[in-house]
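Have a look at the structure below before the remarks.
Protein chains in written order, with the working numbering: chain A, 1 to 406; chain B, 1 to 504.
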């Protein structure tokens, strides 16, 4: 026992004092790591342009409190892995992929298919499969990253806020890498990836004659913003980009795939004034039914809203008026869902995916039809049923501008 | 037969024989034998008592151990003043008078064995030697200065009793008797230590304690070959089964109520004369997480606090190793914000994180050790210097990062909540082992360390009782009081059940 203790003590002393601890493989000290939080993938001629973003603390002398700062670095390579290795030529820290939260892919790159680029993120042991995928419309991923960072904002945080608030309007969604991968590998259903758009703010028209103001307005280009709106839809077989669903059409798609968290529906009261309804609850069932060999699919949506704002002065809290509002909101939702269905039929892509529901409900039949699914999909008769109600009206029943006696 | 007439080498040799071999030496019962044995001891008083002109006896006692007033008032004074004695012409008559109770002392023994006389003399007995009859009367005149019963210093109690054991064995046993007035409370005594001849008391409740356990302990104590029992570990190391472990296997207490409570649980208590801390065996891991105050407060509150103690022990053991593992191997486990903070605090620190953790952990233990050993007059300096070095200077000089200070300090504070300090220290040793293991292979190392620790605990036994009881290797009978403090109503029932099982 004593000998064991002495040997242990000697080994421990050597371990501590002789620098043997540096020989241990697999160790990567936190101080040497370069935490990648956002990744951008773009097309650069016949190569891939890789943009990585990291967060670091700003110089302490700048502010009293240390402030996070985003830094980005760009390399090019034939593959993502090669581009990643090129970072080692000019960076002194080890790139650590374990904290990648967002992957931005430019529209131009996805035109040739997404599956090729997901392999790196699925294969690498460091990357988290819960990283969110976004496709950037029109612009490159690098441009969108630069846009945010150059404006002094934090790209990762900006994307985080966009993601957190996506349910407020329900015009887009979130698709992590593992989910995108599972849909891409299914040849019968189309994949959807949330769409990032860069929009330009309209230049305010001013009738000011002040020369100084006019010159300032001319110097400043239109300000651009990053918005999360809509989906990019991919082909089931090639995973190539086929088109975009944006705005209320994207919300219709969300109604169909049960991804509505909240949202705003603006209808009119009997006098034509706006009444704003807030979506509280929505649930859609996709019900497939075979009439012989003919497939009929019904989207049955149950919707519950709340009156959020009344711009007119009419008392809406009568059975007739409430019925009127419900009717309007039913029509609007129905229209949005139908638009999404039309998009799917136009591109012959099962984006919902109905194939999964049919497979679950008619497994024997599915085995027979699965090879011809794309053909069958175009022949499906779609029905959209919306059953909505206005549930909550708060305690104020009368509109603020009511002229009637309460 | 060896006759001693003067102090010399022969006498020294005999004395050494008595000490080293515990050999009984055949000496004549005469004052010279005692003078030879205690030749250089100035505290041994030899008094020649002239009862009358024809009769002289010798009285021997140790000043400080024997009560001098009693010796004078109840032995010397009657012998020299009472008419009964002054008229005696020979020793035979004197023996009869003493035996008749004229020296009114409760405990009077007659012996011709010098060994016995010497043994009792050193315990405070006064020896009256009758030279011609070659016998001695032994008077129980014990009476030495002892510390009075005081408030416990190490085990503070809010609602429990405030008395604590003292150095005097008899006072301690009396405290037990006062708390448990039952003849079933057995207090056996043994003499351990060839030189110190320390009285060691074994206490248990007859009918509750396991007879086999008592017998085994008695045998182990009898087998102890040692010169002295001035420290508890002399006894502890002889009665425990696992020698190669930092974990305590004997529970110590200075509180009689805790001691009695343990006896009522069927455990055995050991009291050593001269040591105010008593020992309780057998012990298991749960005993080191319990305090006497647990039974003085609301059971729900205590159960939560006990749970927190276990949790904090785990924190003390694991957190630094976990920090080393995730900052050196598993970076993906740290949230980005926290990772950035750690990186910013580690900037400029020359050591790897695991060395920082080990150094700081040792520094904390150094502060504790210094606080315990430093002279009371400058005791305040430890906290001052410690706070300056650990809290300020080390961070400012970039020797240690603030993140490591937070982690190691949290582990240290968690460690201090373990009621048993021996157990807390052992946990600290394993904390260092886990840090080293996690610095080599990360979380795998830490988990291997934890498995080794549980294996180590699982193979330990104290007097045949599993160390992990009642969590492992038992029928779980006592598990009700392990983490959740059960109500006394249930405990009473359990105690009766246990007793009936033993009786069966």
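Quick reminder that beta carbons are idealized off the backbone N, C-alpha and C, glycines included. Given the structure is predicted, the values throughout are model-derived calculations rather than measurements.
_Buried versus exposed, by CB contacts within 10 Å (16 or more), residue 60 of chain A_ = Position 60 of the first chain holds residue 60 of chain A. Interpretation of residue 60 of chain A is limited by its pLDDT of 49, a score under 50 that renders its predicted location unreliable; the figure taken from the coordinates is listed afterwards. Taking all protein chains in view, the Cβ of residue 60 of chain A is surrounded by fewer than 16 other Cβ atoms within 10 Å, so the residue is classified as exposed.
*Do you know how far the Cα of residue 201 of chain B is from the Cα of residue 441 of chain B?*
Here residue 441 of chain B refers to the residue found at position 441 of the second chain. Here residue 201 of chain B refers to the residue found at position 201 of the second chain. Straight-line spacing of the CA atoms in residue 441 of chain B and residue 201 of chain B works out to 50 Å.
*asked:* Please list the terminal residues of the continuous beta strand (DSSP E) segment that includes residue 40 of chain A.
replied: Looking up residue 40 of chain A in the first chain gives position 40. Here the beta strand (DSSP E) through residue 40 of chain A covers 33-44.
*Count the CB pairs spanning the stretch 151-166 of chain B and the stretch 191-206 of chain B that are closer than 8 Å, and state whether there are at least three.*
Verdict: no, contact absent.
*Between the beta-carbon of residue 227 of chain A and the beta-carbon of residue 199 of chain A, is there less than 8 Å?*
By one-based count along the first chain, residue 227 of chain A stands at place 227. By one-based count along the first chain, residue 199 of chain A stands at place 199. Their beta carbons are under 8 Å apart, which means residue 227 of chain A touches residue 199 of chain A by this criterion.
*asked:* Can you confirm whether residue 178 of chain A, when its beta carbon is compared against all beta carbons of chain B, has any partner nearer than 8 Å?
replied: Here residue 178 of chain A refers to the residue found at position 178 when the first chain is read from its first residue. Proximity of residue 178 of chain A to chain B, defined by a Cβ-Cβ separation below 8 Å, is not satisfied.
_Which residues of the stretch 300-332 of chain B have a Cβ closer than 7 Å to any Cβ of chain A? Give them in chain order._
Close to chain A, meaning a Cβ-Cβ distance shorter than 7 Å, are the following residues of the stretch 300-332 of chain B: 327, 328, 329, 331 and 332.
*Can residue 110 of chain A and residue 195 of chain A be called in contact, C-beta distance under 8 Å?*
Here residue 110 of chain A refers to the residue found at position 110 when the first chain is read from its first residue. Here residue 195 of chain A refers to the residue found at position 195 when the first chain is read from its first residue. Not closer than 8 Å, so no.
*asked:* For residue 84 of chain A, count the other beta carbons within 10 Å of its own beta carbon; 16 or more makes it buried, fewer makes it exposed. Which is it?
replied: Position 84 of the first chain, counted from the first residue, corresponds to residue 84 of chain A. Residue environment for residue 84 of chain A: buried (at least 16 other C-beta atoms within 10 angstroms of its C-beta).
*Taking the C-alpha atoms as reference points, what is the distance between residue 285 of chain A and residue 259 of chain A?*
The residue you call residue 285 of chain A lines up with position 285 of the first chain. The residue you call residue 259 of chain A lines up with position 259 of the first chain. C-alpha separation (whole angstroms): 12 Å.
_Cβ-based neighbour list, residue 433 of chain B, same chain, cut-off 7 Å, excluding 5 preceding and 5 following_ = The residue you call residue 433 of chain B lines up with position 433 of the second chain. Excluding residues within five positions, the ones whose Cβ falls inside 7 Å are 449.
*For residue 151 of chain B and residue 375 of chain B, the rounded distance between their alpha carbons*: For this step, residue 375 of chain B is matched to residue 375 along the second chain. For this step, residue 151 of chain B is matched to residue 151 along the second chain. Cα atoms of residue 375 of chain B and residue 151 of chain B: separation of roughly 22 Å, rounded to the nearest angstrom.
*Hey, how far is the Cα of residue 198 of chain B from the Cα of residue 230 of chain B?*
Along the second chain, read from residue 1 onward, the residue named residue 198 of chain B stands at position 198. Along the second chain, read from residue 1 onward, the residue named residue 230 of chain B stands at position 230. Each residue's alpha carbon lies about 8 Å from the other.
*From the beta carbon of residue 99 of chain A, is the nearest beta carbon of chain B less than 8 Å away?*
Numbered from 1 along the first chain, position 99 holds the residue referred to as residue 99 of chain A. Yes, residue 99 of chain A counts as interfacial toward chain B.
*asked:* Please list, in chain order, the chain A residues whose beta carbon lies closer than 9 Å to that of residue 342 of chain B.
replied: Sequence index remark: in the second chain, residue 342 of chain B carries index 342 (1-based). 30 and 31, listed in chain order.
*Report the rounded CA-to-CA distance for residue 313 of chain A versus residue 51 of chain A, giving the unit in angstroms.*
Against the first chain, residue 313 of chain A aligns to sequence position 313. Against the first chain, residue 51 of chain A aligns to sequence position 51. Near 54 Å, if we compare the C-alpha coordinates of residue 51 of chain A and residue 313 of chain A.
*Is any beta-carbon of chain B found at less than 8 Å from that of residue 102 of chain A?*
In the first chain, counting from the first residue as 1, residue 102 of chain A sits at position 102. For residue 102 of chain A, the closest Cβ of chain B is not nearer than 8 Å.
_Rounded to whole angstroms, what is the Cα-Cα separation between residue 408 of chain A and residue 338 of chain A?_
Within the shown structure, residues of chain A are numbered from 1 to 406, placing residue 408 of chain A beyond reach of any answer.
*Any C-beta of chain B sitting closer than 8 Å to the C-beta of residue 65 of chain A?*
The residue labelled residue 65 of chain A in the question sits at position 65 within the first chain. For residue 65 of chain A, the predicted model reports a pLDDT of 46, less than 50, meaning its position is unreliable; a value from the coordinates is still stated below. Not an interface residue.
*Starting from the beta carbon of residue 346 of chain B, find every residue of chain A whose beta carbon is closer than 9 Å, and list them in chain order.*
Along the second chain, read from residue 1 onward, the residue named residue 346 of chain B stands at position 346. Within chain A, the residues 29, 30 and 31 have their CB atoms less than 9 Å from the CB of residue 346 of chain B, given in chain order.
*Would residue 305 of chain A be called buried (16 or more neighbouring beta carbons within 10 Å of its own) or exposed?*
As a working mapping, residue 305 of chain A is identified with position 305 in the first chain. Residue 305 of chain A sits buried, since 16 or more C-beta atoms from the chains shown fall within 10 Å of its C-beta.
*Count the other CB atoms, across all protein chains shown, that sit within 10 Å of the CB of residue 45 of chain A; report buried if there are 16 or more and exposed otherwise.*
In the first chain, the residue the question calls residue 45 of chain A occupies position 45. By the C-beta density criterion, residue 45 of chain A is exposed, having fewer than 16 other C-beta atoms within 10 angstroms.
_Could you give the first and the last residue of the continuous alpha helix (DSSP H) run that contains residue 244 of chain B?_
The residue given as residue 244 of chain B occupies position 244 in the second chain. From DSSP, residue 244 of chain B is part of no alpha helix (DSSP H); its letter is neither H nor E.
_Please return the same chain residues whose Cβ sits closer than 7 Å to the Cβ of residue 245 of chain A, not counting the five positions on each side in sequence._
Working through the first chain from its first residue, we reach residue 245 of chain A at position 245. Answer for residue 245 of chain A: 230, 231, 233, 253, 340 and 343, listed in chain order.
_Count Cβ pairs between the stretch 130-144 of chain A and the stretch 102-117 of chain A that sit closer than 8 Å; are there 3 or more?_
Cβ pair count under 8 Å is three or more, so yes.
*Report back the beta-carbon spacing between residue 284 of chain B and residue 468 of chain B to the nearest angstrom; my notes put them in contact at under 8 Å.*
Here residue 284 of chain B refers to the residue found at position 284 of the second chain. Here residue 468 of chain B refers to the residue found at position 468 of the second chain. About 7 Å separates the two Cβ atoms, so the contact holds.
*Local conformation of residue 85 of chain A per DSSP, three classes*: Within the first chain, the letter at position 85 stands for residue 85 of chain A. Residue 85 of chain A: helix per DSSP, three-state reduction.
*Do the stretch 392-404 of chain B and the stretch 351-365 of chain B meet, that is, are 3 or more Cβ pairs less than 8 Å apart?*
The stretch 392-404 of chain B vs the stretch 351-365 of chain B: in contact.
*When the Cα of residue 152 of chain A is compared with those of A:300, A:114, A:72 and A:329, which residue comes out closest?*
As a working note, residue 152 of chain A is residue 152 in the first chain. When each option's Cα is compared against that of residue 152 of chain A, the closest is A:72.
*Would you give the residue range spanned by the beta strand (DSSP E) that residue 199 of chain B belongs to?*
The residue given as residue 199 of chain B occupies position 199 in the second chain. Element bounds for residue 199 of chain B: 198-205.
*In chain A, which residues lie less than 7 Å from residue 336 of chain B when you measure between Cβ atoms?*
Here residue 336 of chain B is taken as the residue at index 336 of the second chain, counted from 1. Close to residue 336 of chain B, with beta-carbon spacing below 7 Å, are these residues of chain A in chain order: 35, 37, 55 and 99.
*Starting from residue 192 of chain A, follow the beta strand (DSSP E) in both directions and report where the run begins and ends.*
Residue numbering aside, residue 192 of chain A sits at position 192 when the first chain is read from its first letter. Start and end: 191-200.
*asked:* Since residue 157 of chain B and residue 292 of chain B should fall inside the 8 Å C-beta cutoff, what is the C-beta to C-beta distance between them, to a whole number of angstroms?
replied: By one-based count along the second chain, residue 157 of chain B stands at place 157. By one-based count along the second chain, residue 292 of chain B stands at place 292. For residue 157 of chain B against residue 292 of chain B, the beta-carbon gap comes to about 6 Å, under 8 Å, which counts as contact.
*Looking at the C-beta of residue 126 of chain A, does it have a partner C-beta in chain B at a distance below 8 Å?*
Translated into the one-based positions of the first chain, residue 126 of chain A becomes position 126. Chain B contact via Cβ: present.
*When DSSP builds the beta bridges, which residues end up paired with residue 72 of chain B?*
Here residue 72 of chain B refers to the residue found at position 72 when the second chain is read from its first residue. In the DSSP secondary-structure assignment, residue 72 of chain B is not bridged to any residue.
*For residue 309 of chain A, which residues from the same chain have a beta carbon less than 6 Å from its beta carbon, with the 5 sequence-adjacent residues on both sides left out?*
Reading the first chain from its first residue, position 309 is the one you call residue 309 of chain A. Closer than 6 Å at the Cβ level, and outside the excluded window around residue 309 of chain A, lie 276.
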